[in-house]
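In our numbering, the protein residues as written are 17 to 148.
Glycine residues also receive a C-beta, built at the ideal position from the N, C-alpha and C atoms.
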């Protein structure tokens with residue numbers, strides 16, 4: 017079941033996050049931390065992040081929600097997982113990077129919460145309706 021859930025989650029997560037990063041928030045990040053950004057992402061590092069984050073989402077959130085038969089579990093714990101994981105990056109950056117914008121921390125943590133909650137809910141729905 018984990019492999020099937022992973023296979024569903026990967027493209028959903030990637031598509032939603034690419035819409036955010038590539039279109040919706042691109043200007044926001046450029047304005048606030050553009051001086052820290054690469055001209056082109058380190059795709060190897062990004063790929064490892066996606067693989068690990070999605071594994072965590074599947075193992076700690078989506079699979080247990082399916083076992084319980086509760087979509088609410090997927091959405092609520094997905095949101096919490098996103099908040100905690102994105103807070104790890106953002107609050108560490110806030111703590112150690114000089115002049116790291118508080119606005120970036122707040123927006124990014126909110127995005128992590130929304131992203132993980134919505135992806136968890138969508139994957140729960142797809143998996144329980146069409147796959148499992």
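Do you know how far the Cα of residue j is from the Cα of residue i?
| i | j | result |
| --- | --- | --- |
| residue 21 | residue 105 | 25 Å |
| residue 126 | residue 99 | 7 Å |
| residue 68 | residue 62 | 10 Å |
| residue 131 | residue 32 | 7 Å |
| residue 17 | residue 88 | 20 Å |
| residue 111 | residue 143 | 39 Å |
| residue 60 | residue 53 | 16 Å |
| residue 147 | residue 19 | 12 Å |
| residue 73 | residue 97 | 7 Å |
| residue 75 | residue 108 | 25 Å |
| residue 51 | residue 40 | 19 Å |
| residue 103 | residue 145 | 32 Å |
| residue 86 | residue 129 | 19 Å |
Buried or exposed for residue i, going by 16 or more other Cβ atoms inside 10 Å?
| i | result |
| --- | --- |
| residue 93 | buried |
| residue 136 | buried |
| residue 91 | buried |
| residue 29 | buried |
Assuming residue i contacts residue j (C-beta within less than 8 Å), just tell me the rounded distance between them.
| i | j | result |
| --- | --- | --- |
| residue 139 | residue 55 | With 8 Å as the limit, residue 139 and residue 55 do not qualify as a contact, their Cβ atoms being about 33 Å apart. |
| residue 49 | residue 123 | At roughly 11 Å, the Cβ-Cβ gap does not stay under 8 Å, so residue 49 and residue 123 are not in contact. |
| residue 95 | residue 71 | With 8 Å as the limit, residue 95 and residue 71 do not qualify as a contact, their Cβ atoms being about 18 Å apart. |
Please specify which runs of the alpha helix (DSSP H), each continuous and at least 4 residues long, are wholly inside the region 27-72, giving them in chain order. 42-49
With three or more beta-carbon pairs closer than 8 Å as the criterion, would you say the region 77-91 touches the region 112-124? no
May I have a chain-ordered list of the beta strand (DSSP E) segments no shorter than 3 residues that lie completely inside the region 63-129? none
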